Each structure stands twice: as C-alpha cells, then as structure tokens.
Amino acid sequence: MKEQEWTSIGAATADLFSSIEKQRNRKTKRELTLIDRGLEIAELRPEGDDVSFMHSILCQISLPRSKVAGERFERKNGHAALEIRAGSIWNGTDMVTQPIPYGPIPRLILAYVSTYAVRERTPEIPFGESANDALRVLGIDKGGPAYRMFRTQVSALAACSMTIGFTAGDKAYTFNGSPVEQFEAWLPGQEGQRSLWPASMVLGRRFYETLLEHAVPVDLRALSSLRGSAMAMDVYLYLVQRLHRIGRPVALTWWMLKDQFGQEYVSADALGDFKKKFKKALGQALAVYPEAKVEIVRGGLKLFSSRPAVDPKEAKRLTRV
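The sequence shown finishes on residue 471 if you use my numbering, and the numbering steps up by one all the way, no holes.
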C-alpha cells in the first residue's frame, strides 16, 4: 500500500476517534458503553470467541420486539414473511403454554445456539450444568430480571413454531417448521435445586440445514452491547448481512424501512414515530459497526458497499469441516 494511502487511513481513524471523544460528555452511560465498544471494535477486528453466527433469514425478518398479545405473530418484508406461533413445554406435571419469544434476549439465545451449531457442525446444543455457561457467553449478569427473562425466553423459543413464506419469480414458497426439535430441562429440586433450566436442545432439521448454508458471521461484542434495544440489534444484523454484498449504492425510503422494521407503529403519526425510533437505533448500530457506510438522506437512507463486520477468512477458520 502506498504511503499516502496509509496516511489517509491513519488520518481518517484519528478523525473518527476525535469525533467520538468530543461526544462523550453529552452521552448517557449506555451510550458511553457503546462508544467504548465501538472504539474497541475499530481497533481490534473480531476473532475467536468474538465471532458469532445468525441465520440469514433472521437478519432480514426479525422476531417481535415487545410482548405479543395472543399466540400468533407475523412480520412481512417485501416478498417474504415470518409467522411465529406459541407452543407448550412439559414442566414435569403439565403442558404449559409459552409466550411468543420477544425482545433482545431471544436474539442473543439464537446467536448462542446458532454459533455452537455452525462451529461444531451439530444440531445438539448443550447449555452447560448451570446458568453461568450461557449467560457468560452472552454477557448477561446472573440474577435479576435478565436472568429470569433468559429462562423464560429459552422455553418460548423451544416451544414456538415458525412458518416462512417468500416469492421467487412466478412461484410462492412456504416452509413450515420449528427452530427447536427437542428440548431438555432440569426440573426444580433436581441437581441442587435448579429451577426449570434448559439442559440442552436439538435444532429442527430444516432450520439446522439452512443455518449451515446461510449463516451470517457477526461480532458478538457488538450484538451483546446492543441488548438494551431489540430494534438496534435488528438494524445491526440487517446491515451486517447486507452491506458487504452491495455493489452500487442502494436507496431505501422511510416507508420501505417502516415496512421492514416498524409494522408495530400504527398511530396517527406512525411514520414520524418510527423515524424517531429508527434513527436512534441506527446510531447505536453504527456505533458498534464503525466500518458501515450508511447515510441518512432526504426521504430515507442510502447504503454503500462496506467492509464485512467479520473477516470472511476468520469466519471460515472457526467452522469445522
């Protein structure tokens, strides 16, 4: 690389760090955490345990972000749609109806199980002898609401069923299935007074097979740091799976973005409410994906080809053949 090119890159990096530091005094504690994580990511590319994987379809069509009333949820994205139905879990004495998985925690759980499946080339996912194993990997503190939510959302994911539909050419396709085929959990009073805690799960055959074919490598440091906002996690995942595949710049209108990310917004000023929420989520996502090239323009966003969040060679190295 020519000396002037190195100089240009160094100057750009210095400008980025300077700009970030100038904002620190105006930020909340959570925002400062994102800034610090963004600086870390800008300096150190993800490798080893920092690399996680997500199914490409779940980077494009997301789970619910808030609690769902009823037992069915649907989200559309252009010519594709995802339907989720609640299921039941056997607790040792009864079949108990579970909620539809929602919020940041299921997204982290999916990252955990997908990463294990892709790296180890197995649909059988162990959760360890205690909560600590999974919680440590996902950056969730033991105890408190996050701990309880984790336990609830694992069961919700294990019980739910998913239907994916999409249009390709002159045909409409529908795939029915469940991300989890089998679920094992410790009963209260067994192995040292555990609550109903997941011991292991087996991914559904179709979900597992397509995961191996369409796994998107992501930076777990970034995803975990966004766990305060499900929308920020969704925006990050969308950018990670799309930006490195773009050729020419892509323009997205606010209405297109709302159709994908904001179907829940139905107020009189639904678009305005969505834009406000989305811009905040976008800022958070970009803070931990510093190489993403995205501009807010009149009428929406413009996306530019960007360096992958994870080096493809590193992602390939971490997967077993």
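Where a beta carbon is used, it is the ideal one built from N, C-alpha and C, also for glycine. Here the structure is a predicted model, which is why all the values come from computation and not from measurement.
Three-state secondary structure (DSSP) of G342:
Residue placement at G342 is flagged as unreliable, the pLDDT there being 47, under the threshold of 50; a coordinate-derived value is accordingly withheld.
Assign D461 to one of three DSSP states: helix, strand, or coil.
coil
Over the uninterrupted beta strand (DSSP E) stretch that includes A318, give me the two end residues.
S311 to A318 is the span of the beta strand (DSSP E), which, as asked, contains A318.
Looking only at C-alpha atoms, which of D461, S379 and A418 sits nearest to S212?
The shortest C-alpha separation from S212 is found at S379.
So A306 and P348 are in contact, right, with Cβ under 8 angstroms, and what is the actual spacing, rounded?
The Cβ separation is near 11 angstroms, so there is no contact.
Let's test the definition: count the other Cβ atoms within 10 Å of the Cβ of R448 and tell me whether it reaches 16, buried, or not, exposed.
Its Cβ having fewer than 16 others within 10 Å, R448 is exposed.
State yes or no: is the C-beta of G450 within less than 8 angstroms of the C-beta of L402?
yes
Any idea if G342 is buried or exposed, counting beta-carbon neighbours within 10 angstroms, 16 or more meaning buried?
With a pLDDT of 47 at G342, under the threshold of 50, the predicted position of this residue should be treated as unreliable, and no value is reported.
According to DSSP, what are the bridge partners of V450?
In the sequence as presented, Val is not what sits at residue 450; that position holds Gly. DSSP lists T403 and V447 as partners of G450.
For the stretch 457 to 469 and the stretch 400 to 420, state whether three or more C-beta atom pairs, one from each stretch, are separated by less than 8 angstroms.
No, because fewer than three Cβ pairs between the stretch 457 to 469 and the stretch 400 to 420 fall closer than 8 angstroms, the two stretches do not touch.
Identify the continuous alpha helix (DSSP H) that holds V438 and give its terminal residues.
Counting along the chain, V438 falls outside any alpha helix (DSSP H), and DSSP gives it neither H nor E.
From R395 to S311, what distance separates their C-alpha atoms?
Between R395 and S311, the C-alpha separation is close to 30 angstroms.
Taking only runs of the beta strand (DSSP E) that begin and end inside the stretch 165 to 248, which ones reach a length of at least 3 residues, in chain order?
The stretch 165 to 248 contains these whole beta strand (DSSP E) runs: 201 to 205, 222 to 227, 230 to 235, 238 to 240 and 245 to 247.
Would you say H205 and H364 are within 8 angstroms of each other, going by their C-beta atoms?
It is a contact, given that the beta carbons lie within the stated cut-off.
Taking a contact to mean a Cβ-Cβ separation below 8 angstroms, would you say T313 touches T324 in this structure?
yes
Using 8 angstroms as the threshold, is the C-beta distance between L370 and A261 below it?
In this structure, A261 lies closer than 8 angstroms to L370 by Cβ.
Mind pulling the alpha helix (DSSP H) runs of 4 or more residues that sit fully within the stretch 328 to 376?
Fully enclosed alpha helix (DSSP H) runs of 4 or longer: 355 to 363 and 370 to 375.
Candidates S456, G289 and V444: closest to A372 by CA position:
G289
With respect to the beta strand (DSSP E) encompassing I275, which residues constitute its N-terminal and C-terminal limits?
DSSP places I275 in the uninterrupted beta strand (DSSP E) bounded by E274 to P276.
Taking C-beta to C-beta, are G250 and V218 nearer than 8 angstroms?
For the record, residue 250 in the displayed sequence is Ile; it is not Gly. Taking 8 angstroms as the Cβ cut-off, I250 and V218 qualify as a contacting pair.
Helix, strand or coil: how does DSSP classify T324 here?
Here T324 sits in strand by DSSP.
Taking 7 angstroms as the limit between beta carbons, can you name the residues of its chain near W404, skipping five residues before and five after?
The answer, listed in chain order, is L421, K425, G449 and G450.
Among residues of its own chain, excluding the 5 on either side of A192, which ones have a beta-carbon nearer than 6 angstroms to its beta-carbon?
Same-chain partners within the cutoff: P440.
Distance, Cα to Cα, P295 vs R195?
32 angstroms
Please classify Q332: is it buried, with 16 or more other beta-carbons within 10 angstroms of its beta-carbon, or exposed?
Around the C-beta of Q332, fewer than 16 other C-beta atoms lie within 10 Å, and the residue is accordingly described as exposed.
Beta-carbon proximity of A382 to A435, cut-off 8 angstroms:
yes
Q410 by DSSP, collapsed to three states: which one?
helix
Compare the Cα-Cα distances from F357 to each of K452, T272 and G319 and report the closest residue.
The shortest Cα separation from F357 among K452, T272 and G319 belongs to T272.
In three-state terms, what does DSSP make of I396?
DSSP, reduced to helix, strand and coil, places I396 outside both helices and strands of the structure shown, so it counts as coil.
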